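K.L.:
In the UniProt record's numbering, the protein residues as written are 1 to 143. Once you've had a glance at the structure underneath, I'll fire off some questions.
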């Protein structure tokens, strides 16, 4: 039996605008993987459901209000990062209140699926791209 490092569950949002673009944020300097682009979200705190964590993280990071009913589970990713094993739960969200702002990130960007493939992203986010493309009715970009 293989022994894994500490599990680190996180949630992320695939925020989709009316034109099919998705929101990504750039990790700030002084953090792990600084400068990389990622989907907004964060750690699931003890006692939280993934949906509750998603609503909280989007309010903290982007200043928006998302109702849990407006988000549906899309897929997940699993990756070992040092002594932690990341489990990333990705939710697709199509409705929210407020204009997203970069409250903790260096920058925000609305990107097409093709643009996502050209952005430097954390290793755990890369396997999500073909599934995101398919969910938006687009073909995955071959690298």
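Glycine is no exception: its CB is placed at the ideal position from the N, C-alpha and C atoms. As the structure is a computational prediction, the values presented were derived from the model and not from experiment.
With a threshold of 6 Å on Cβ separation, who are the neighbours of residue 104 within its own chain once the five nearest residues in sequence on each side are excluded?
P.N.:
Residue 104 sits at position 104 when you count from the first residue of the chain shown. Excluding residues within five positions, the ones whose Cβ falls inside 6 Å are 61.
K.L.:
Hey, residue 131 and residue 113: beta-carbon distance below 8 Å or not?
P.N.:
Position 131 of the chain shown, counting from 1, holds the residue named residue 131. Position 113 of the chain shown, counting from 1, holds the residue named residue 113. Going by C-beta atoms, residue 131 is not nearer than 8 Å to residue 113.
K.L.:
Could you tell me the distance, in whole angstroms, from the CA atom of residue 46 to the CA atom of residue 6?
P.N.:
Position 46 of the chain shown holds residue 46. Position 6 of the chain shown holds residue 6. If you take the alpha carbons of residue 46 and residue 6, they lie about 14 Å apart.
K.L.:
Could you have a look at residue 32 and say whether DSSP puts it in helix, strand or coil?
P.N.:
Looking up residue 32 in the chain shown gives position 32. In the structure shown, residue 32 sits in coil (DSSP, three-state: anything other than H, G, I, E or B).
K.L.:
Assign residue 97 to buried or exposed, taking buried as 16 or more other Cβ atoms, counted over all protein chains shown, within 10 Å of its Cβ.
P.N.:
Along the chain shown, read from residue 1 onward, the residue named residue 97 stands at position 97. Residue 97 comes out exposed.
K.L.:
Can you give the beta carbon distance from residue 86 to residue 124, rounded, assuming they're within the 8 Å contact cut?
P.N.:
Taking the chain shown and counting its residues from 1, one reaches residue 86 at position 86. Taking the chain shown and counting its residues from 1, one reaches residue 124 at position 124. Between residue 124 and residue 86 the Cβ distance is about 5 Å, and since that is below 8 Å, they are a contact.
K.L.:
How would you write the range of the alpha helix (DSSP H) that residue 50 sits in, first residue to last?
P.N.:
Here residue 50 is taken as the residue at index 50 of the chain shown, counted from 1. Unbroken alpha helix (DSSP H) run through residue 50: 50-62.
K.L.:
If residue 16 and residue 94 are in contact, beta carbons under 8 Å, what's the gap, nearest whole angstrom?
P.N.:
Working through the chain shown from its first residue, we reach residue 16 at position 16. Working through the chain shown from its first residue, we reach residue 94 at position 94. About 5 Å separates the two Cβ atoms, so the contact holds.
K.L.:
Could you give the distance in angstroms between the alpha-carbon of residue 115 and the alpha-carbon of residue 23?
P.N.:
As a position in the chain shown, residue 115 is number 115, starting the count at 1. As a position in the chain shown, residue 23 is number 23, starting the count at 1. Taking the straight line joining both Cα atoms gives about 11 Å.
K.L.:
Taking its Cβ as the centre, do 16 or more other Cβ atoms sit within 10 Å of residue 54, making it buried, or is it exposed?
P.N.:
As a working mapping, residue 54 is identified with position 54 in the chain shown. Classification for residue 54: buried.
K.L.:
DSSP state of residue 72, grouped into three classes?
P.N.:
The residue given as residue 72 occupies position 72 in the chain shown. Residue state, collapsed to three classes: strand.
K.L.:
In its own chain, which residues sit with a C-beta less than 6 Å from the C-beta of residue 57, not counting the 5 before and 5 after it?
P.N.:
For the purposes of this step, residue 57 is taken as the residue at position 57 of the chain shown. Around residue 57: 41, 42.
K.L.:
For residue 74 and residue 30, what's the separation of their Cα atoms in angstroms?
P.N.:
Position 74 of the chain shown, counting from 1, holds the residue named residue 74. Position 30 of the chain shown, counting from 1, holds the residue named residue 30. Roughly 30 Å separates the two Cα atoms.
K.L.:
Nearest-angstrom Cα distance between residue 38 and residue 48?
P.N.:
Locating residue 38 in the chain shown gives position 38, counting from the first residue. Locating residue 48 in the chain shown gives position 48, counting from the first residue. Roughly 22 Å separates the two Cα atoms.
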